Each structure stands twice: as C-alpha cells, then as structure tokens.
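For reference, the structure discussed in these notes is given below.
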Amino acid sequence: MQANLPNRDYLLRPGMFIIATAQLATVKNALTVPAKAILSTQGRFFVVTLDENNRPSIVPVQAGAQIGERQQVTPLKPDSLTPQSKVVVDGLLQAEAATRNPDARLKAVPASNQ
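For any residue, its number in my numbering is found by taking its place in the sequence shown, counting from 1, and adding 824.
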C-alpha cells in the first residue's frame with residue numbers, strides 16, 4: 825500500500841518510513857477467536873469446538889483479518905460456529921486427535937484472559 829502524506833515540517837526524510845494501520849472495512853457481527861485457536865493445513869483453516877457434552881468436533885472456517893491477538897473467522901457451514909460456541913484454545917492438537925474418537929470427552933476450562 826502506498827500513501828501520500830503532507831510533510832510540511834519535513835519531519836520525514838528520504839529513507840525514513842512509518843507504520844500505519846488502516847481500517848479498510850467493517851464487518852458487523854463478526855466472530856473472532858484467539859489467533860492461537862486456529863488450525864491450518866494445506867491452506868484450509870479449522871477450529872475445534874466442544875458441544876454441550878464436551879465432545880470435540882472440527883469446524884472448517886474461513887480466516888479473516890487479525891486484530892491484535894484475535895482472528896476473525898467465518899464458519900463454512902452455517903450455524904456450525906456461534907458466539908456461544910466453546911472453542912478450544914490450549915491443547916489444540918490433542919483436542920483435534922480426540923475428534924477421531926466418538927467417546928472422547930474433554931474438560932472445558934474457561935480461558936482467563938480471552
């Protein structure tokens with residue numbers, strides 16, 4: 825991205841640069857998850873969720889913009905991910921492996937700083 829900025833006081837000299845953040849779009853009611861909760865493989869993105877019985881399942885998502893420590897996601901299957909969904913953040917690989925066992929149950933612990 826390139827921008828022209830006024831430099832009346834010549835604060836910026838050749839070779840200097842700035843870092844800027846620009847909001848290019850606003851997505852209403854966007855779902856965000858901690859960025860470390862996203863699994864990726866071969867260009868596809870997934871999150872692991874727990875149902876009401878704490879059984880893990882894989883939910884395919886489309887990854888969007890990252891804002892700080894959180895990543896915007898859009899579920900590829902409607903209603904497969906909601907604001908009330910329990911998303912696995914820690915122990916992600918073990919949770920993903922547990923999705924292959926239909927009898928698997930995981931212990932859900934609320935994230936302290938998410």
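Ideal Cβ positions, reconstructed from N, Cα and C, are used throughout, including at glycine.
This one's a predicted model, so the numbers in the text were calculated from it and none came from an experiment.
Continuous beta strand (DSSP E) stretch holding residue i: start and end
i, result
"residue 855", "855-858"
"residue 887", "880-891"
"residue 895", "894-899"
Straight-line gap, residue i to residue j (C-alpha atoms, nearest Å)
i, j, result
"residue 915", "residue 922", "11 Å"
"residue 849", "residue 924", "38 Å"
"residue 855", "residue 920", "21 Å"
"residue 890", "residue 851", "13 Å"
"residue 867", "residue 859", "16 Å"
"residue 875", "residue 913", "15 Å"
"residue 896", "residue 887", "6 Å"
"residue 905", "residue 869", "13 Å"
Extent of the continuous alpha helix (DSSP H) to which residue i belongs
i, result
"residue 874", "Taken as a continuous stretch (DSSP letters only), residue 874 belongs to no alpha helix (DSSP H), being part of the beta strand (DSSP E) at 868-874."
"residue 916", "916-922"
Proximity of residue i and residue j at Cβ, strictly below 8 Å
i, j, result
"residue 929", "residue 878", "yes"
"residue 873", "residue 933", "no"
Which residues DSSP lists as bridging residue i, in chain order
i, result
"residue 832", "None; residue 832 has no bridge partner."
"residue 911", "873"
Contact belief for residue i with residue j at Cβ below 8 Å, rounded distance in angstroms
i, j, result
"residue 898", "residue 885", "6 Å"
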